[in-house]
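Chains as they are written, first to last, in the working numbering: chain H, 44 to 331; chain F, 824 to 1122.
Just so you know, even glycine gets a beta-carbon here, dropped at the ideal spot from N, CA and C.
Structure record follows, encoded as C-alpha cells.
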Amino acid sequence: MIEKIIQLSLNGLMAGAVLAVPAIGLTMIFAVLRFVNFSVAGHMAVGAFTGYVLNAWFGLPAWIAILGAFVGAGAVGIAADHVALRPLRGHRALTLAIASIALNLMIESTIRFFFGGSPRDYAIPLRRDMSFGFLHVGPQQVENFVIAGVAMLLLLLFLLLTTTGKAMRAVADNPMLADSKGIDPDRMARLAIGIGMGLAGIGGMLVGLDTSIDPLVGFRTILSVFAAAVVGGLGSIPGAVVGGLAIGLSEELSLLALPATYKSAIGFLAIVVILTLRPQGLLGTKAA
Amino acid sequence: MANYLIAMATFGAIYAILALGLNVMWGMAGMVNLGIVGFYAFGAYISALLTVKAHGPIALGFAAAMAGTALMAALVTLGLTRLRDDYLAIVTLGFAEVVRIVAENEIWLTRGTDGISGIPQPLKSTLGSDFNAAYLVLCLAILVVVLFALERVRLSPFGRVLRAIREDAQVAAFAGKDVLKFKVKAFAIGGALAGLAGALYAHYSSYIVPEIYVPLLTIYIFLALTEGGIGNNFGAIIGAFVVVFFLESTRFLVGVIPWLSAEQLAALREFVIGLGLLLVLFFRPRGLAPEPLPRLATK
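Right, dumping it as C-alpha cells:
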C-alpha cells in the first residue's frame, strides 16, 4: 500500500509539472488582461500539432520540436488575439471569456479541418520503463518533467531579471500605476499572450507525448489546467506551479479510491472545494 | 419532408426553452452558465430513470426533472455567487463534464455509453404516426407558457432586481437587496427550464446517451441567445430557431461541395458557429433584437 502511494505520488508530481506549464500560461494572461481565456485549450492543440509536424514530418527530435510548439502556439495566440479578442477589450470580462470560447472552437475546428479528428502519435521510440527498486517511471515522463522544469525556470529568469519581465509583473500588479510609469499596456498584453499561449503550446505537446494528439487534446485537459490555476490562485504564477502539482497529485492519488475514468472529475472537485474554503486560492491575494 | 420539418421545429422549440433558461441566468441576472448542457442532461436522465427504471408516470418525470435540476443549479451557485463571474463560468463548465462522466461510468444506473432506450413517449400508442406532430404541438405549447411566464418575471419587481444586480451587484446590495438569494433563485429558474428541455428531448427521442451532451451544444445555445438579443425572451426563441435552421440546412452541403470530406464539412460548420458567435459579439453585442428596456433605464 505504502509502495503504491509512493508510486502514485511520483506519477502525480510528474503529471503535475506538465499541467503547471499551461496553467502558468492561463494565469499569466489573466494577470495582465483580467479575463479567463478559454482558448488556452485550442492553443494547447496548436502547440501539439506544430510539434507534431516538426517531429513526425520533418524528423526533428521531440525536445527541439517543443521549441516549435512554443513559437507556433505563441504566434497563433498573438495573431488570434489581435483579430478576435482585442477589438472587445473594454467590454466585460464575461464577454471576453465567451468570445474566447468562440475563438477556441474556431481554432479546434481549423485543426480538425486540416488534420482530421482521429488520434495521431509522435515519432518517438517506444522505450522500456526504468525501475528503481519498487518504483517504475517511463523515460518519456522523466523527459516531460525535465522539459516542464526548464520551461518554468526560463520563465522565472525572464520575469525576475529582464526589464521587460519586471514591466510585465508591474502591469499584473497594478495596471494604472504601470501605465503612468510609461509601460505600454498594449505591448505587455501582446507579450503576455505570446508567452502564455506559447506555454500552453508546450503543455499541449507534453500531454500529447505522453498519450496521443487530436484537435481536442487541450480541451480534454482544460479542466485540470483551470483547476491548477484556480487552486493556486488565478493570476499567481507560483500559485499555478503549486496548483499544478497539487492537481497532478490529487488526480493520481484518487486512483486509490476511484476508477481511473473519474480522474478528470477531481479537478472539478478541487475547484469547488478551494472556492468554498479559500476563494483567492492557495497563493492568490484577491478573489474579486 | 413534412416529417423532417416537424423534427426540426421540435428541436427548435427545445433549444428555445434552453435559450430562455440561459436568458434568465445570463440575460437577466448576468451570471454565465457554460454548463447548460449539463443541466439539460441532468433533467433528461432524471425523467428517463424515473419513467424507465421506476415505471413512474411521464408527468412525474417532467416535474422531477424540473425540480431536481433547479435544486442542482441552486447548489452549484450557492457557494460561488460572491465571487467574480469568471469562477462561475469555470465551475459550470466543469459541472457539465462531471455529469457526462458520471452518466458514462455509473453503468448500474445509467447503462453507461449504451444509453437508456425505451423512454416512454406520451400517448404514443393512441397517436401512432401522428405522435411527432402532436409532440411538436406540446413543445410549442410549453414554449408559449414559458415565454409568458418569463415575460411576467422580467417585468415584475423580481426581474427588475435581477437587472439591477446584472448592471451593478454592489449598488443592488446597497439598495437593500439580498443579492445572493436573487442570484440563486435566477439560477434555479434557469436550471428548471434546462431540466424541462432535457425531459422534453428524452421523451421525444425515447433514447438518451451521454455522447449527445457535448460542450458544443452549450455553444449553440449561447449563439442562439446572443444573436437573438441577450435579455430579450422573444429574441432567444428566434435565435434558437435560426441556429437549428443553420445546423440542419448545412447538412445538405455534403453533396454540394464534393471535394470536402464529411469530417471537413463538420469542422467547417463548427468554425462558422464560432465565427458567428464572435461576429455577433463584435457588431451587435446586444443581439439582433436588443432587450427592450424602459426609457429611463437606457444610458
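Cβ separation of F/LEU1070 and F/ALA1059, assumed to be a contact under 8 angstroms, to the nearest whole Å: As a working note, residue 1070 of chain F is residue 247 in the second sequence. As a working note, residue 1059 of chain F is residue 236 in the second sequence. The pair is not a contact, with the Cβ atoms about 17 angstroms apart (cut-off 8 angstroms).
Counting Cβ pairs closer than 8 angstroms, one from the segment 67-82 of chain H and one from the segment 309-323 of chain H, do we hit at least three? no
Would you report the Cα separation of H/ALA194 and F/PRO880, rounded to the nearest angstrom? The residue you call residue 194 of chain H lines up with position 151 of the first sequence. The residue you call residue 880 of chain F lines up with position 57 of the second sequence. Answer to the nearest angstrom: the Cα atoms are 59 angstroms apart.
Nearest-angstrom Cα distance between H/VAL260 and H/ASP253? Position 217 of the first sequence, counting from 1, holds the residue named residue 260 of chain H. Position 210 of the first sequence, counting from 1, holds the residue named residue 253 of chain H. Straight-line Cα distance between these residues: approximately 11 angstroms.
For F/THR900, count the other beta carbons within 10 Å of its own beta carbon; 16 or more makes it buried, fewer makes it exposed. Which is it? To locate residue 900 of chain F, count along the second sequence from 1; it is residue 77. F/THR900 should be labelled buried.
Chain H contact for F/GLN993 (CB, 8 angstroms cutoff): One-based indexing of the second sequence puts residue 993 of chain F at position 170. Not one chain H Cβ lies under 8 angstroms of F/GLN993.
For H/GLY310, would you say it is in contact with chain F, using Cβ-to-Cβ distances shorter than 8 angstroms as the test? Locating residue 310 of chain H in the first sequence gives position 267, where the first residue counts as 1. So yes, H/GLY310 belongs to the interface.
What's the C-alpha gap between H/ILE20 and H/ALA221? The shown model of chain H, from 44 to 331, leaves out residue 20 of chain H, and the question about it has no answer.
Is H/GLY256 helix, strand or coil when you go by DSSP? By one-based count along the first sequence, residue 256 of chain H stands at place 213. Looking at the sequence shown, residue 256 of chain H is not Gly but Ile. Strand.
Could you pull the start and end residues of the beta strand (DSSP E) that F/LEU901 belongs to? Against the second sequence, residue 901 of chain F aligns to sequence position 78. Where F/LEU901 is concerned, there is no enclosing beta strand (DSSP E), although the alpha helix (DSSP H) it sits in stretches over 881-901.
What span of residues does the beta strand (DSSP E) with H/SER174 cover, start to end? The residue given as residue 174 of chain H occupies position 131 in the first sequence. Residues 173-175.
F/SER940, DSSP secondary structure in three states: By one-based count along the second sequence, residue 940 of chain F stands at place 117. Strand at F/SER940.
Between F/ALA912 and chain H, is any beta-carbon pair separated by less than 8 angstroms? Start at 1 with the first residue of the second sequence, and residue 912 of chain F comes out as number 89. Judged by the 8 angstroms Cβ criterion, F/ALA912 is in contact with chain H.
Within 8 angstroms (strictly less), CB to CB, does H/PRO130 reach chain F? On the first sequence, residue 130 of chain H is found 87 positions in, with the first residue counted as 1. So, interface residue.
Please tell me whether H/SER279 has its Cβ less than 8 angstroms away from any Cβ of chain F. Within the first sequence, numbered from 1, the residue matching residue 279 of chain H stands at position 236. Answer no: the Cβ-Cβ gap between H/SER279 and chain F never drops below 8 angstroms.
Bridge-paired residues (DSSP) for F/TYR1030: Within the second sequence, numbered from 1, the residue matching residue 1030 of chain F stands at position 207. According to DSSP, F/TYR1030 bridges with F/SER940.
Applying the 10 Å Cβ sphere with the 16-neighbour rule, what's the burial state of F/ASP991? Taking the second sequence and counting its residues from 1, the one referred to as residue 991 of chain F is at position 168. Exposed, since its Cβ has fewer than 16 Cβ neighbours within 10 Å.
DSSP state of F/ARG934 mapped onto helix, strand, coil: As a first step, residue 934 of chain F is located in the second sequence; it is residue number 111 there, counting from the start. Reduced to three states, the DSSP call for F/ARG934 is coil.
When the Cα atoms are used, what is the spatial distance from F/THR1131 to F/LEU963? This structure cannot settle anything about residue 1131 of chain F, because the visible part of chain F is limited to 824 through 1122.
Run through chain F and tell me which residues come within less than 8 angstroms of H/LEU146, C-beta to C-beta. As a first step, residue 146 of chain H is located in the first sequence; it is residue number 103 there, counting from the start. Neighbours of H/LEU146 on chain F, chain order: GLY1097, LEU1101.
Check each residue of the segment 1079-1092 of chain F: if its Cβ is closer than 7 angstroms to any Cβ of chain H, include it; give the result in chain order. GLU1086, GLN1087, ALA1090, LEU1091
Same chain, Cβ closer than 7 angstroms to H/THR93, five either side skipped, listed in chain order: Residue 93 of chain H sits at position 50 when you count from the first residue of the first sequence. Around H/THR93: GLY111, ALA112, GLY115, ALA116, GLY244.
Find the nearest neighbour of F/MET895 within the set F/LEU1003, F/GLY1018, F/LEU1102, judged by alpha-carbon distance. Translated into the one-based positions of the second sequence, residue 895 of chain F becomes position 72. Answer by Cα proximity: F/GLY1018.
Which residues does DSSP pair with F/PHE923 in a beta bridge? Looking up residue 923 of chain F in the second sequence gives position 100. The amino acid occupying residue 923 of chain F in the given sequence is Arg; Phe does not appear at that position. Answer is none; F/ARG923 lacks a bridge partner.
Would you list the residues sitting across from F/LEU845 in a DSSP beta bridge? For this step, residue 845 of chain F is matched to residue 22 along the second sequence. Note: F/LEU845 sits in no beta bridge, so no partner.
May I ask you to list, following chain order, the residues of the segment 1039-1067 of chain F that have a beta carbon less than 9 angstroms from some beta carbon of chain H? LEU1039, THR1041, ILE1042, PHE1045, LEU1046, THR1049
What are the partner residues of H/ARG163, as DSSP defines its beta bridges? The sequence position of residue 163 of chain H within the first sequence is 120, counting from 1. Note: H/ARG163 sits in a beta bridge opposite H/ILE256.
Which residues share a DSSP beta bridge with H/LEU178? Walking along the first sequence from the start, residue 178 of chain H turns up at place 135. H/LEU178 pairs with H/PHE175.
Can you find at least 3 beta carbon pairs, one from the segment 1027-1039 of chain F and one from the segment 933-945 of chain F, that sit closer than 8 angstroms? yes
Other residues of its chain near H/ILE236: CB distance less than 7 angstroms, five sequence neighbours each side excluded: The count along the first sequence starts at 1 and reaches residue 236 of chain H at position 193. Closer than 7 angstroms at the Cβ level, and outside the excluded window around H/ILE236, lie ILE72, GLY120, ILE121, ASP124.
Over the uninterrupted alpha helix (DSSP H) stretch that includes F/TYR868, give me the two end residues. Counted from its first residue, the second sequence places residue 868 of chain F at position 45. Counting along the chain, the alpha helix (DSSP H) containing F/TYR868 begins and ends at 859-875.
Beta-carbon proximity check, F/VAL1002 vs F/ILE988, cutoff 8 angstroms: Counting from one through the second sequence, the residue named residue 1002 of chain F turns up at place 179. Counting from one through the second sequence, the residue named residue 988 of chain F turns up at place 165. The answer is yes: Cβ separation under 8 angstroms.
Could you tell me whether any Cβ in chain F is nearer than 8 angstroms to the Cβ of H/ALA74? For this step, residue 74 of chain H is matched to residue 31 along the first sequence. Not closer than 8 angstroms to any Cβ of chain F, the Cβ of H/ALA74 fails to qualify, so no.
By Cβ distance below 7 angstroms, which residues in the same chain neighbour F/ALA887 in space, the five residues on each side in sequence not counted? Within the second sequence, the letter at position 64 stands for residue 887 of chain F. So the qualifying residues of the chain are ILE869, SER870, LEU873.
Contacts that F/GLU920 makes with chain H (C-beta to C-beta distance below 8 angstroms): The sequence position of residue 920 of chain F within the second sequence is 97, counting from 1. Those within 8 angstroms of F/GLU920 in chain H are LEU266, SER307, ALA308, PHE311.
Between the segment 223-242 of chain H and the segment 156-163 of chain H, can you find at least three pairs of beta-carbon atoms closer than 8 angstroms? no
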